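Notes follow the structure.
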Amino acid sequence: MEIKKIKRKIVSKLDKQNIQYEINSNEMISKLKDIDALLDEAELGGGTHHHEAFGKKRKNVDTRAHI
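Remember, my numbering sits 4 above the position in the sequence shown when you count from 1.
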């Protein structure tokens, strides 16, 4: 028995020439860029200022351990 591949063309009614489409598209791209920036910051562990603060705390802990 042969299996037919059913492929139906999807027809979009979206008007890419509409000014509202351009506004929404630009807004969504901006939001995606913001999300990418937040993901990059999360990969760093909260940003460099958190790393610096943690480093200072770590130095204080090490100093106390030696005393």
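Beta carbons: idealized from backbone N, C-alpha and C, even for Gly. All values derive from a computational prediction rather than experimental measurement.
In the three-state scheme derived from DSSP, where H, G and I count as helix and E and B as strand, I7 is classed as coil. Residues of the same chain with their beta carbon placed closer than 6 Å to that of L43 are lacking, with the five preceding and five following residues left out of the count.
Membership of D19 in any alpha helix (DSSP H) is not indicated, and neither H nor E is assigned to it by DSSP.
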